[in-house]
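Trainee: When you read off a place in the sequence shown, starting at 1, and then add 3, the result is the number in my numbering.
Handing you this structure, nothing more for now.
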Amino acid sequence: MTIQSIINQYDFNLEYAKALVHDLTEEQMTIVPAAGLDNHPAFTIGHLISGSADLVQDLGGAFEMPDKWAELFVRRGPGDPRKPNLEKSKYPSKHELINELENQHNKVKTLLEGLNEKELEEPQAWRFSNFMPTLGDVVTFMCINHEAMHLGQLAAWRRAMGLESALALVKHNKKPYI
């Protein structure tokens with residue numbers, strides 16, 4: 004997979020994230036509709052922000068998130084028993100979250116565009132090294148798989164809320180978020 008292919012998928016994930024929340028009210032952003040759907044939209048988007056901030060660091064940049072966001076959104080990986088904070092007032096607005104997700108995506112893309120394919124083959128020590136041992140594996144996982152897993156959770160959340168699918172908005176290249 005080329006760097007440009009990864010960026011294309013990452014761009015798609017950003018547009019899909021925007022489509023998944025475009026019609027949600029601020030109140031809906033923190034609703035938990037059923038057991039097992041604890042990762043409400045505000046948490047999910049915030050968690051993707053933290054994942055991109057981590058990836059910026061993996062690519063040689065600085066980990067940066069707005070004040071107090073890391074304590075809300077950063078998780079220690081699979082098996083982390085913490086759930087999203089129940090205090091809804093702690094969450095940033097939908098607009099702030101989407102803007103910061105786009106900001107983090109742009110940082111990652113800038114760093115990726117500065118890499119060559121050979122650098123992606125360098126070993127990278129992280130929690131999934133036994134499955135994905137290189138920087139390219141980390142980048143592919145974080146830009147594509149990690150985001151897609153959490154966006155799938157958000158798509159399931161929409162269905163549990165009785166909302167229509169958001170994928171059609173991306174398919175038809177509509178820009179749902181203003």
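Ideal placement from N, C-alpha and C gives every residue a C-beta, glycine not left out.
Source: prediction; values computed, not measured.
1) For residue 143, name the three-state secondary structure that DSSP assigns.
2) Looking at the unbroken alpha helix (DSSP H) that takes in residue 16, where does it start and where does it end?
3) From residue 34 to residue 134, what distance separates their C-alpha atoms?
4) CB residue 154 to CB residue 42, shorter than 8 angstroms?
5) Can you tell me whether residue 79 is buried or exposed? The criterion is at least 16 other CB atoms within 10 Å of its CB, across all chains shown.
6) Figure out for me which residue from 40, 26, 31 and 58 has the closest Cα to the Cα of residue 139.
7) On the DSSP bridge assignment, give the partners of residue 137 in chain order.
8) Of the choices 21, 157, 173 and 117, whose alpha-carbon is the least far from that of residue 7?
9) On the CB-based measure, 16 or more other CB atoms within 10 Å of its CB, does residue 63 come out buried or exposed?
10) So, residue 160 versus residue 36, is the Cβ gap smaller than 8 angstroms?
11) Span of the alpha helix (DSSP H) holding residue 55?
Mentor: In terms of the structure at hand:
1) helix
2) 6 to 24
3) 35 angstroms
4) no
5) exposed
6) 58
7) Under the DSSP definition of a beta bridge, residue 137 partners with 126.
8) 117
9) Residue 63 comes out exposed.
10) yes
11) 44 to 61
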